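One structure is given below, encoded as structure tokens.
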């Protein structure tokens with residue numbers, strides 16, 4: 009059975025020696041190392057709880073200070089990206105609603121003049137409304 013030390017490196021479990029395997033084990037030297045090497049992880053180990061690491065990583069392995077801060081940074085970066093994407097989607101929905109209202113107002117006022125059509129096109133471009141979204145708005149307007 010393998011266990012891991014604080015750095016996540018595998019370490020050998022204590023061996024049970026009995027008369028049947030004593031000769032084999034006498035020739036082998038088993039070293040159980042509980043400390044990290046200098047190159048493998050930082051010297052400032054954090055004690056972590058199973059609950060904390062399971063919640064953030066899905067596993068119960070402890071992370072070094074460097075690995076933990078890097079992991080938190082990536083999570084924070086991912087969370088920030090998700091929030092930015094959600095915000096952009098919400099803003100675009102508001103833009104679509106504003107465009108829909110404008111199209112409905114122009115439609116209610118009768119046939120569009122060239123000036124109104126130009127204003128509507130400029131509005132569509134400034135609100136980043138695609139041609140497909142524009143056509144969808146017109147279909148909804150005509151079907152209502």
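Residue numbers (this note's numbering): 9 to 152.
Just so it is clear, CB atoms sit at the ideal spot from N, CA and C, and this is done for glycine as well.
Since the structure is predicted, the reported quantities are computational estimates derived from the model, not experimental observations.
Residue i and residue j: beta carbons closer than 8 Å?
i: residue 132; j: residue 107; result: yes
i: residue 111; j: residue 149; result: yes
i: residue 124; j: residue 114; result: yes
Evaluate residue i with the Cβ neighbour count: other Cβ atoms within 10 Å of its Cβ, from every protein chain shown; 16 or more gives buried, anything less gives exposed.
i: residue 99; result: exposed
Among the options, which residue has its Cα nearest to the Cα of residue i?
i: residue 136; options: 103, 88 and 116; result: 103
i: residue 109; options: 96, 122, 128 and 91; result: 128
Put residue i into one of helix, strand or coil per three-state DSSP.
i: residue 90; result: helix
i: residue 120; result: coil
i: residue 109; result: helix
i: residue 104; result: helix
i: residue 143; result: helix
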